[in-house]
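Worksheet: the structure to be examined is printed underneath.
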Amino acid sequence: MIISRFAPTPSGFLHHGNALNFILTWTLVRVAEGKIHLRIDDLDTDRTKTLYVEHIFRVLEWLGLDWDEGPFSVAEFEAAFALKHRLAYYEEAKQTLLKHPLAYACECSRKEIMAQSSKGIYLFICKEKNLPLHVNTTALRVHVNPTVCEEAPRVAKEMGDFIVWRKEGLPAYQLASLMDDWRMGTTLIVRGEDLHLSTLAQRYLAHLMRAPSFLEAKVLHHPLLLDEAGEKLSKSARSSPVEFASSPAPLYRHASMLLGVFPCENAIDLCGALLQKEESPLSAFFL
Numbered sequence: 036m037i038i039s040r041f042a043p044t045p046s047g048f049l050h051h052g053n054a055l056n057f058i059l060t061w062t063l064v065r066v067a068e069g070k071i072h073l074r075i076d077d078l079d080t081d082r083t084k085t086l087y088v089e090h091i092f093r094v095l096e097w098l099g100l101d102w103d104e105g106p107f108s109v110a111e112f113e114a115a116f117a118l119k120h121r122l123a124y125y126e127e128a129k130q131t132l133l134k135h136p137l138a139y140a141c142e143c144s145r146k147e148i149m150a151q152s153s154k155g156i157y158l159f160i161c162k163e164k165n166l167p168l169h170v171n172t173t174a175l176r177v178h179v180n181p182t183v184c185e186e187a188p189r190v191a192k193e194m195g196d197f198i199v200w201r202k203e204g205l206p207a208y209q210l211a212s213l214m215d216d217w218r219m220g221t222t223l224i225v226r227g228e229d230l231h232l233s234t235l236a237q238r239y240l241a242h243l244m245r246a247p248s249f250l251e252a253k254v255l256h257h258p259l260l261l262d263e264a265g266e267k268l269s270k271s272a273r274s275s276p277v278e279f280a281s282s283p284a285p286l287y288r289h290a291s292m293l294l295g296v297f298p299c300e301n302a303i304d305l306c307g308a309l310l311q312k313e314e315s316p317l318s319a320f321f322l
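As structure tokens, then:
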């Protein structure tokens, strides 16, 4: 069975790029008669707010999309699915990595890293220091050995040794995303093409943690929606949020184009159009 997820972050109001990802994920999974989880990734504790969580549910309702597992309201999210309910298995993953010979503690600040590399690529500054891992003073990194797997050379070149546990005592995105997908048995991940390097980093981490089921998952990267200046939509750039007074039809037409079917203006029609295609809808994307 195909198992996938919506994985929005409640660190700001969702924009049309997030909504497009929801449409593509839902359509591909429903055509395959699979299962969708709603996984709200509230790792950014400083910026997570209840009104942003509420906005996620409203966007999904506006789009007319359903899901099978996960919270169905803000109250249910806070009662059973928020970060505090997931910390135990993140902690277990951290303890596993602490025993790995390629993991090490790092005390470097972002400013120090940028001084070493203008692109922010970590250059092993703390690798041989044998520092202890302590909250507020050190983060946990993994060394990227280019010989470990086929993804490793590019990760080493473009990202360097990356953080898996933050100084604040919380998991970093690469570890948390891997653990969540591994735990829920995800077999299909639909992401924007801007997350391609993150996918490679997570696959590298899966090799280190011996997570073969994650490595078997299909990961599809779709083109991004751009603003009038040609920049990608993002919360950090304060892209305009979804406005519920407007129609989602233009997003469905854009999704139709990406999937190679005639223009559709709602979820049911798009799903039906995709079912009529002879070739696999997954061929519209790339790894």
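In the numbering used here, the protein residues as written are 36 to 322.
C-beta atoms are modelled at their ideal positions from N, C-alpha and C, and glycine is treated no differently.
Asked, Found
"Only counting runs of 3 or more residues, tell me where the beta strand (DSSP E) segments fall wholly within the region 217-271, in order along the chain.", "223-227 and 253-257"
"What is the DSSP secondary structure of C306, reduced to helix, strand or coil?", "helix"
"Would T83 pass as a contact of P43 if the rule is Cβ separation under 7 Å?", "no"
"Inspect the CB distances between the region 113-127 and the region 191-198 and report whether three or more fall short of 8 Å.", "no"
"Do you know how far the Cα of W217 is from the Cα of E133?", "Note that residue 133 is Leu in the sequence shown here, rather than Glu. Those two C-alpha atoms are separated by around 19 Å."
"Measure how close the beta-carbons of V109 and V88 come, nearest whole angstrom, since I'm counting them as under 8 Å.", "5 Å"
"What are the boundary residues of the alpha helix (DSSP H) that includes Y157?", "Taken as a continuous stretch (DSSP letters only), Y157 belongs to no alpha helix (DSSP H), as it is neither H nor E."
"Between V225 and L59, how many whole angstroms is the CB-CB distance? I'm expecting something under 8 Å.", "5 Å"
"Give the single residue among V277, L294, L49 and E185 whose Cα lies nearest to the Cα of K312.", "L294"
"If we count Cβ pairs, one from each stretch, closer than 8 Å, do we get three or more for the region 243-256 versus the region 205-221?", "yes"
"If distances are taken between C-alpha atoms only, which option among F48, N53, G47 and W61 comes closest to L223?", "W61"
"Which stretch, first to last residue, makes up the alpha helix (DSSP H) that contains S39?", "Unbroken run through S39 is the beta strand (DSSP E), I38 to F41; no alpha helix (DSSP H)."
"Name, in chain order, the residues that DSSP records as bridge partners for E203.", "According to DSSP, which records beta bridges pairwise, E203 is partnered with nothing at all."
"If you draw a straight line from the C-alpha of K192 to the C-alpha of S233, how long is it?", "13 Å"
"Pick from E113, L73 and L213: whose alpha carbon is nearest that of W200?", "L213"
"Measure the Cβ-Cβ separation of I179 and A138 and say whether it is below 7 Å.", "Checking the sequence shown, residue 179 turns out to be Val, not Ile. Not a contact, by the Cβ cut-off of 7 Å."
"Is the beta carbon of I71 sitting closer than 7 Å to the one on W102?", "yes"
"Expressed to the nearest angstrom, what Euclidean distance is found between the alpha-carbon atoms of V277 and P283?", "9 Å"
"Near S291, what residues of its chain come up, given a Cβ to Cβ distance below 8 Å and the 5 sequence neighbours on each side ignored?", "F297, P298, C299, L305 and A308"
"Could you tell me the distance, in whole angstroms, from the CA atom of T173 to the CA atom of K146?", "15 Å"
"How many whole angstroms separate the CB atoms of H257 and L230, which I take to be in contact at a CB cut-off of 8 Å?", "Not really, about 10 Å apart at Cβ, beyond 8 Å."
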